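Read the structure below first, then the notes.
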Amino acid sequence: TQLTRLVLLQNATRPEAWHEWFQSQGRHTEHSYHGPRFDTSYMCIRAAQAGCGVALLPRFLVEEELAEGKLAIPWDHAMPSRNAYCLAYPEHTAEVPKVRDFVRWMREQLEPPHQEKTE
Numbered sequence: 001t002q003l004t005r006l007v008l009l010q011n012a013t014r015p016e017a018w019h020e021w022f023q024s025q026g027r028h029t030e031h032s033y034h035g036p037r038f039d040t041s042y043m044c045i046r047a048a049q050a051g052c053g054v055a056l057l058p059r060f061l062v063e064e065e066l067a068e069g070k071l072a073i074p075w076d077h078a079m080p081s082r083n084a085y086c087l088a089y090p091e092h093t094a095e096v097p098k099v100r101d102f103v104r105w106m107r108e109q110l111e112p113p114h115q116e117k118t119e
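Heads up: the sequence shown begins at 1 in full-length UniProt numbering, then just goes up one per residue.
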């Protein structure tokens with residue numbers, strides 16, 4: 001396929017990502033582990049913007065680049081993440097306005113997108 005001819009940008013923190021993405025579509029390729037490897041998602045994003053290849057990233061990390069047309073989604077096959085994050089802060093800071101606002105914002109970001117029903 002066309003995808004196997006592209007440079008797959010690899011994220012060192014998620015070495016299995018491309019392999020799992022191909023597998024989730026019932027495809028197998030040896031190509032999934034090949035490509036330049038970057039230490040951070042930020043570096044993968046910048047490499048993709050520079051035209052070095054295609055990156056597999058959580059959508060929330062590239063919302064701004066997508067909105068500005070700096071990046072595009074060539075194959076809209078989303079795959080649920082098996083990774084988990086934890087937001088932790090000292091209990092006594094729970095009512096500090098900056099902390100409270102940040103926690104509220106994080107919850108909003110993590111809510112599933114509202115989809116309008118069309119009839």
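Glycine is no exception: its CB is placed at the ideal position from the N, C-alpha and C atoms.
Source: prediction; values computed, not measured.
For residue 10, the uninterrupted beta strand (DSSP E) run begins and ends at 8 to 11, by DSSP.
Taking 8 Å as the cut-off, the beta carbon of residue 74 is found no closer than this to the beta carbon of residue 52.
Burial check for residue 62: the Cβ neighbour count within 10 Å reaches 16 or more, so the residue is buried. Of the residues assessed, residue 105 falls on the exposed side of the cut-off, its CB having fewer than 16 other CB atoms within 10 angstroms. Short of 8 Å from the beta carbon of residue 65, and not among the five residues preceding or following it, lie these beta carbons of its own chain, in chain order: 45, 49 and 71.
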